[in-house]
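Participant: Take a look at this one; I'll ask things after.
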Amino acid sequence: MLDSPRVCVQVQSVYIESQSSPDEERYVFAYTVTIRNLGRTPVQLLGRYWLITNGHGRETEVQGEGVVGVQPHIAPGNEYQYTSGAVLETPLGTMQGHYEMIDAEGNTFAIDIPVFRLAVPAIIH
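Quick note on UniProt numbering: the sequence shown kicks off at 1 and runs consecutively.
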């Protein structure tokens with residue numbers, strides 16, 4: 001399957017202290033996703049699925065078309081980057097999921113997004 005789409009996903013998350021309110025159990029995180037097309041043909045992101053788990057194990061599923069309101073086309077050798085956010089009731093949680101993609105021939109496929117942490121940084125004295 002050398003002709004199969006090769007797509008790489010990287011995620012970085014950050015705690016947004018200015019929008020959070022720990023006294024009200026509101027912890028806001030931003031995450032930046034970079035999607036790289038390492039293949040030889042263009043691909044398009046059609047939809048997303050996220051499983052968000054807070055520190056108590058409570059799960060929330062989020063799914064829908066595209067990301068941040070768009071369904072980006074990614075040419076071979078190019079990347080698409082976006083930033084979005086999540087609000088948790090706990091200072092620690094995780095996200096994972098997948099993107100639904102389509103290649104130039106109309107074949108759909110899924111790209112897994114490995115688990116990444118949403119965590120309030122530790123205060124070091």
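For each residue, glycine too, the CB sits at the ideal point set by N, CA and C.
Run through DSSP, which three-state label would Pro22 get?
Facilitator: helix
Participant: Would you call the stretch 15 to 28 and the stretch 39 to 50 in contact, with 3 or more CB pairs under 8 Å?
Facilitator: Under the three-pair Cβ rule at 8 Å, the stretch 15 to 28 does not count as touching the stretch 39 to 50.
Participant: Find out if the Cβ-Cβ distance for the pair Cys8, Ile52 is shorter than 9 Å.
Facilitator: no
Participant: Would you check if the distance between the CB atom of Pro91 and the CB atom of Pro22 is smaller than 9 Å?
Facilitator: yes
Participant: Please name the residue in Val43, Val14, Leu38, Glu25 whose C-alpha comes closest to that of Gln31.
Facilitator: According to the sequence shown, residue 31 is Tyr rather than Gln. Answer by Cα proximity: Val14.
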